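Colleague:
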Amino acid sequence: MGDDTGADMTDEGAYVGLFSGGKDSSWAVYRALERGLSVERLLTVHPAGDSYMYHVPETHLATLAAESIGLPLVEVEPDDFGAGEATDSGAQGDNELEPLEAALTDLATDLPLAGVTAGAVESAFQTSRIEAMCDRLGIDLFAPLWQRDPRALAEEMFDAGFEIRVLQVAAAGLDESWLGRTIDRDALTELEQLNEEYGVHVLGEGGEFETFVTDGPHMDRRIELAYDTEWDGTRGRIRVTDARLAE
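So for the sequence shown, UniProt numbering puts the first residue at 1; every next one is plus one.
(1) Which residue spans inside the region 126 to 204 form an unbroken beta strand (DSSP E) run of at least 3?
(2) Quick one: is H60 buried, meaning 16 or more other Cβ sit within 10 Å of its Cβ, or exposed?
(3) With a threshold of 7 Å on Cβ separation, who are the neighbours of Y227 within its own chain once the five nearest residues in sequence on each side are excluded?
(4) With respect to the beta strand (DSSP E) encompassing R31, which residues constitute its N-terminal and C-terminal limits?
(5) Go to E67, then tell me how far its alpha helix (DSSP H) extends in each direction, as first and last residue.
(6) Exposed or buried, L24, counting other C-beta atoms within 10 Å across all chains shown (16 or more means buried)?
(7) Output the distance between the C-alpha atoms of A66 and P150, rounded to the nearest integer angstrom.
(8) Any idea if W178 is buried or exposed, counting beta-carbon neighbours within 10 angstroms, 16 or more meaning buried?
(9) Given a threshold of 16 other Cβ atoms within 10 Å of its Cβ, counted over all protein chains shown, does G84 qualify as buried or as exposed?
(10) Indicate the three-state DSSP secondary structure (helix, strand or coil) for L111 in the structure shown.
(11) V16 and L153 - do their beta-carbons sit closer together than 8 Å?
(12) Hey, would you say E247 sits closer than 8 Å to T214, going by beta carbons?
(13) What residue does the beta strand (DSSP E) around T229 start on, and which one ends it?
(14) Compute the Euclidean distance between the alpha carbons of S128 and A28, then round it to the nearest angstrom.
(15) Around the C-beta of G199, are 16 or more other C-beta atoms found within 10 angstroms, so that it is buried, or is it exposed?
(16) Going along the chain, which residues of its own chain have a beta-carbon closer than 6 Å to the beta-carbon of V76, five neighbours each way excluded?
(17) Taking the Cβ atom as the reference point for each residue, do A143 and G216 lie within a distance shorter than 8 Å?
(18) Roughly how many whole angstroms lie between the Cα atoms of A243 and L97?
(19) From L174 to D110, what distance separates their C-alpha atoms?
(20) Are G115 and L145 closer than 8 Å when you measure CB to CB?
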C-alpha cells in the first residue's frame with residue numbers, strides 16, 4: 001500500500017480515484033494529484049441502502065464534485081449489486097466489491113491502469129478487501145490516510161483549504177445541529193470531546209457521521225447546497241434540494 005509519500009508507487013499509468021465526494025476519498029484524490037500521480041477517472045459506487053464498504057448519503061453529489069475537479073466520473077449503480085445474497089457483514093462486503101472490481105476491469109481495457117486511490121483511515125474491513133482486489137488486478141493502492149493520526153489529518157485538510165460539510169449523523173452525542181455543519185477547528189474540538197465521552201471517532205471512521213467536500217484546492221468551483229434536514233431523535237441526514245457549482 002502506498003504511504004503519503006508514494007515512494008513505492010509507480011508514476012506510469014493511470015490511477016482511478018475511488019470517490020464519494022466525502023472528505024476522506026477527496027483527500028486521497030487530492031494527495032494523489034499533488035504527488036503527481038496520473039488520476040484519470042473518478043469512480044463512485046451508489047449503494048442501494050446501508051453499506052459496509054461505501055459512503056452512502058447523497059452520493060449523486062459526486063457528479064458535481066467531479067465536474068469541479070475536472071475529471072470524468074464512472075458511476076456504479078445499485079442494480080450492479082448482488083442484493084440479498086449476503087449472510088453476514090463479510091459476505092456483504094465481498095458482494096459489494098464485485099461491481100467495483102468489474103468496473104475497474106472494464107476501465108483497464110481503455111486505460112493503462114496503474115492503481116486506485118482510497119480514503120480508508122483505520123477500517124481494516126474496507127482496506128483488506130480493496131488491497132486483495134488490487135492484488136487480483138495487479139495494480140497499486142494509494143491510501144494516504146491509512147493509519148494517520150486523525151487530528152493531524154483534519155488539520156492538514158483545514159490547512160489545504162478543504163471545506164467539509166456534514167451530511168449525516170448516527171452516533172450518541174451528535175444531535176440535529178450537526179446536520180449541514182461545516183467541520184472546522186471548533187467542530188474538531190467538539191468531536192474530540194465527544195470521542196472522550198461517547199467514543200465518537202473524530203473523523204467519523206466508524207460511520208458516526210458522513211461528509212461532503214464543497215470546496216478545496218483541487219476544485220475549480222465551490223459547490224453550493226440547499227437542503228432540508230431529517231431527524232428521528234437519534235440519527236438524521238440532510239436531503240439536498242438543490243446543488244450547483246458557484247459562478
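Just so it is clear, CB atoms sit at the ideal spot from N, CA and C, and this is done for glycine as well. The structure presented is a predicted model; accordingly, all values stated were derived computationally and were not measured.
Modeller: From the atom records:
(1) 140 to 142 and 163 to 169
(2) exposed
(3) G180, I238, R239, V240 and T241
(4) Premise fails: R31 lies in the alpha helix (DSSP H), K23 to R35, not in any beta strand (DSSP E).
(5) A62 to I69
(6) The residue you asked about is not Leu; residue 24 is Asp in the sequence shown. Flag for D24 reads buried.
(7) 25 Å
(8) buried
(9) Note on G84: pLDDT 46, under 50, position unreliable in the model; the coordinate value appears next. Counting Cβ neighbours within 10 Å, G84 comes out exposed, since fewer than 16 surround it.
(10) coil
(11) no
(12) no
(13) I223 to W231
(14) 17 Å
(15) exposed
(16) V45, P99 and A103
(17) no
(18) 29 Å
(19) 44 Å
(20) no
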